[in-house]
Structures are given as structure tokens and as C-alpha cells.
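Engineer:
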Amino acid sequence: MSEHSIAAHPSLAGTSAEKKYSIIIPHKNSFELLTRLLASIPVSDDIQIIIVDDSSRDEQQQKLRDHDFGREVNVLFETAAKGAGSARNKALRHASGKWLLFADADDFFSDGLLDLISPFYNAEEDVVFFGTTSVFNNDMHRTAYRHHRYHKLVTDYAGNPTADHEDALKYYFNPPWAKLIRREMVEKHKIRFQEILASNDIFFSMNCGFRARKIAATTKVLYTITVTPNSISNSFSREHFDARFQAVLTANDFLRSIGKGKYQQSVLYYLGRSHAFGWKYTLYVLKKLVRHRSNLLIGIEKVFGYKQMLSQRENPSLVPVSKE
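Each residue of the sequence shown is one higher than the one before, counting from 796 in the numbering used here.
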């Protein structure tokens, strides 16, 4: 792995002073979208930006090296592709901010980022949740669907902070973005991302929720999720499917271990779709479900809303690309 500190002014390069906020961004072959994300982050001495390039194509890496970011940006280059989970873990070792924020390279922050997060700088809470929205990358004026469940979790808790709404927010809001996360808590409990191909963030987010002494939530929209055909969240290959399946099994094991089994994720989707990769893979899934004592009744009501469930999990227009 090679590391670079890129700055608009030479005097800023290599600055190691502690920042208020560290923004961590994994990147792979999406430089143009990355520049849009960076444009949504205000230039401020209070903000540390860490980009980890997950072995992008040579021309993409060169763009990162040559680009004038107009500010100090810490860029780390991985020589071998290891996924976003590994990239985020690398960045955590370089973070100096009191608060952590995460962003995907193809998303972006709302206008007035500092105005939105600054009121919480001295907050007692360990995690602060914000509202989200989503748009289609090929039509930025058209609202997409990916934010619905996350924004509802925030709205429910902000409007009625019951114990059930708090637990739902902590254990169902699985992505790391649209949150302020206290770095001291993450380091104290050695919370890290799973280094797997997809869904690397589920366990990290649940663990942060479990370890947080207090949480807060505001419906003010901090983050815009974008929807792009054939992105990891929309892809349907055996490798991505299996990574998501393994992540759910790990998350459900964790939830049962801390007495929060009611927040387990449904495994019916994985059982129902495993046939796409052949009967041997279906048998493998069944064995895993038995070994992990998975409750097949969780999410049974979604069986009758199968198409809706597909739209939440993947792009239903895609077909399997790997099958035995």
C-alpha cells in the first residue's frame, strides 16, 4: 500500500494536527463521481478527508495523483483489491477527528454540511443519526427509493424516542453513512468493518449501535444516496450474494448474543434466491441456516410481497451472472 497527502498549498501537506471531523471514502474506478462528492464537502481546517483507492484501473489512479483537490486530501493506494471494508479499516488507522463520517464515492452530502453537523460537536451522544434522501445518477431530479427505510427509522425515533424505536434505529440502520460516529468509541472497542466483498458495513454499524452509550437523531437531511445500475448494491452475482448472506448470518448471531434477536434480518430472501446458483448452492445455504440456528419465520410476511422485496434488495431486471 502506498500513501499520499495531496494539498492545494504545500504548507498543508503532511499536517497531522487533530481534526474535528474525519471523512472516510473508499474509491474504485469512479473518479468523476468522487469529485462530485468532494465538491459537497466544504473546505475547512476542521475536516480531514481520507480516500482509500481499492486498486482502481491505472488511469483512475493517475487521475487521483494528478488532480488538484484545492485542499489537503489524504489518499491511500491499495496495490491489491480488497473491498470497501478493508479500505475503510485502513482509513480508520489514519483518522484523527473527534467524529467520523463515512461516504461512498458515488454519493454526496447535502449543502451546508458543517452547519448540519457542528451543533453536535460537543454532544454527549456516541452516534448521531441524520436524515437521508436518494436520487438516480442518470436523472438527479428524480427521487429514488434507497433512503425510504433509513429515513423512516430516523423519523420514528426523532418523533417518538421509545426504547423500541431506539433499538430499531441502532440495529436496522446498517450503512455507516448519514451518521456522526465518535472515533473514541470505535477505537476503544476496536470496531472494524468486515473485509468481505459486499455488506461489509452491517456488523460495524450494529456494533456501533450496541456500544453507543447514548444516541441522537435529527430528520435534517445530511446525505444523498445515488442509485446506479450494476452497482454493488444492485448486482446479483454469486460472489456478492454469498458475501451478503454471510454478513446477515454474522449479524444475526451477534444480535442473538446481545439479547436483541427480535431485530434479526430475514434469511428467507437468501433461501428463496439460492436456486439461481444451482441445487448444490441451495443445499449449502440450508446447511448454513441450520448451523446458525436461523429463524425462517422472520420476514415471512414478505413472501407475499416478493417483487417489492426484490426492489429493496437488488435491481430485479438483472439476471444471475454466475451459476453452477
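Just so you know, even glycine gets a beta-carbon here, dropped at the ideal spot from N, CA and C.
(1) Where F988 and K877 are concerned, what is the direct C-alpha to C-alpha distance, given to the nearest angstrom?
(2) Give the DSSP-derived three-state secondary structure of I1027 in the structure shown.
(3) Roughly how far, in whole angstroms, is the beta-carbon of K965 from the beta-carbon of A1007, given that I think they are within contact range, below 8 Å?
(4) Please list the terminal residues of the continuous alpha helix (DSSP H) segment that includes F1040.
(5) So, helix, strand or coil for Y1018, using DSSP?
(6) To the nearest angstrom, how far is it from the Cα of Q857 to the Cα of K885?
(7) Measuring alpha carbon to alpha carbon, tell me which of V1022, R1088 and K1009 ends up nearest V1043.
(8) Please classify H804: does DSSP put it in a helix, a strand, or coil?
(9) Mind checking R941: buried by the 16 CB within 10 Å criterion, or exposed?
(10) By Cβ distance, which residues of its chain are closer than 8 Å to F968, with the 5 residues on each side in sequence left out?
(11) From the DSSP output, which residues share a beta bridge with F904?
(12) Could you name each continuous beta strand (DSSP E) segment of 3 residues or more that falls completely within the segment 953-1010, going from the start of the chain to the end?
(13) Please classify P821 as buried or exposed, where buried requires at least 16 neighbouring CB atoms within 10 angstroms.
(14) Between which two residues does the beta strand (DSSP E) carrying S929 extend?
(15) Does the Cβ of E979 have 16 or more other Cβ atoms within 10 Å, making it buried, or fewer, making it exposed?
(16) Go through its chain and collect everything with a Cβ distance to N932's Cβ below 8 Å, but skip five positions before and after it.
(17) Can you tell me whether P956 is buried or exposed, with buried defined as 16 or more other CB within 10 angstroms of its CB?
(18) Closest by CA to N869, which one among I819, L992, A879 and G880?
(19) Whether or not the segment 1009-1021 and the segment 1057-1066 are in contact is what I'm after, with contact meaning three or more pairs of Cβ atoms, one per stretch, closer than 8 Å; do they touch?
Structural biologist: Put simply:
(1) Counting from one through the sequence shown, the residue named residue 988 turns up at place 193. Counting from one through the sequence shown, the residue named residue 877 turns up at place 82. Looking at the two C-alpha atoms, the distance is approximately 12 Å.
(2) Counting from one through the sequence shown, the residue named residue 1027 turns up at place 232. Summary for I1027: the model assigns pLDDT 49, below 50, so the residue's position carries little reliability; its value from the coordinates is reported in the next sentence. Three-state DSSP puts I1027 in coil, outside helix and strand.
(3) Position 170 of the sequence shown, counted from the first residue, corresponds to residue 965. Position 212 of the sequence shown, counted from the first residue, corresponds to residue 1007. Sure, about 7 Å apart at Cβ, within 8 Å.
(4) For the purposes of this step, residue 1040 is taken as the residue at position 245 of the sequence shown. That run of the alpha helix (DSSP H) goes R1033 to S1052.
(5) The residue you call residue 1018 lines up with position 223 of the sequence shown. Y1018 falls in the strand class under three-state DSSP.
(6) By one-based count along the sequence shown, residue 857 stands at place 62. By one-based count along the sequence shown, residue 885 stands at place 90. Straight-line Cα distance between these residues: approximately 20 Å.
(7) Residue mapping note: residue 1043 aligns to position 248 of the sequence shown, counting from 1. Selected option, being the one with the closest Cα: R1088.
(8) Looking up residue 804 in the sequence shown gives position 9. Because the pLDDT of H804 is 30, which lies under 50, any placement of that residue in the model is unreliable, and the number read from its coordinates should be weighed accordingly. The answer is coil: DSSP assigns H804 none of H, G, I, E or B.
(9) The count along the sequence shown starts at 1 and reaches residue 941 at position 146. R941 comes out buried.
(10) As a position in the sequence shown, residue 968 is number 173, starting the count at 1. Excluding sequence neighbours, F968 sits near F924, Y945, L948, V949, K974, S1000 and G1004.
(11) As a first step, residue 904 must be located in the sequence shown, where it is residue number 109. Y1018.
(12) 974-977
(13) On the sequence shown, position 26 is the one that residue 821 refers to. That one is buried.
(14) Residue mapping note: residue 929 aligns to position 134 of the sequence shown, counting from 1. Element bounds for S929: V922 to F931.
(15) The residue labelled residue 979 in the question sits at position 184 within the sequence shown. Label assigned to E979: exposed.
(16) In the sequence shown, residue 932 corresponds to position 137, counting from 1. Hits under 8 Å: L828, D901, T1021, V1022 and T1023.
(17) Counting from one through the sequence shown, the residue named residue 956 turns up at place 161. With fewer than 16 Cβ atoms within 10 Å of its Cβ, P956 is classed as exposed.
(18) Locating residue 869 in the sequence shown gives position 74, counting from the first residue. It is I819.
(19) no
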